[in-house]
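Student: Taking full-length UniProt numbering, the leading residue of the sequence shown gets 1, the next gets one more, and so forth.
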Amino acid sequence: MNSDQGSQFTSSDWIQTLTDADVKISMPLGDASHHLPVIDGRERWVDNRMIERLWRSIKYECIYLNAFETGSEARIGIAKWITYYNAERPHSSHGILTPNEAYDTTITIEKIAA
């Protein structure tokens, strides 16, 4: 499970629940004496950098620019923005392709290689 550093995800009870259920926890370091992950916060951003960047984009490019009056309006507006983000908005991390184009290129290359 990959989560942010919110206290609800870093509590001993939650970590033990995940451990008991054999859920892999995404943490940078481990503590062998307690068999629980150590949460030091220094490297944690590495695990979540892509999703944190997505949330930043959603907030600054969609939520903060729109005055959604209801939860339904927000849900529709964010869904439209996510479609735009994946289908129309170029990303420098993909060589200025959209995520959909980058995915399609990867699938095509894998099919050719097979």
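Idealized CB from N, CA, C, for every residue including glycine.
Using 8 Å as the cut-off, can you tell me whether the segment 97-114 makes contact with the segment 75-87, which would need three or more C-beta pairs spanning the two stretches below that distance?
Tutor: Flag = yes, the segment 97-114 and the segment 75-87 touch.
Student: From G77 to V23, what distance separates their C-alpha atoms?
Tutor: Distance between the alpha carbons of G77 and V23 is about 33 Å.
Student: Quick check on DSSP: helix, strand or coil for L97?
Tutor: Residue state, collapsed to three classes: strand.
Student: Where do the N-terminal and C-terminal ends of the alpha helix (DSSP H) with S11 fall, by residue?
Tutor: Run containing S11: none; DSSP gives neither H nor E here.
Student: Nearest-angstrom Cα distance between W55 and G95?
Tutor: Each residue's Cα considered, the two are about 21 Å apart.
Student: Is it right to say V107 is buried, meaning 16 or more other beta carbons lie within 10 angstroms of its own, or is it exposed?
Tutor: One point to set straight first is that residue 107 is Ile, not Val, in the sequence displayed. Exposed, by the Cβ-count rule.
Student: Quick check: what's the CA-CA separation for E61 versus D20?
Tutor: Their backbone Cα atoms lie some 40 Å apart in a straight line.
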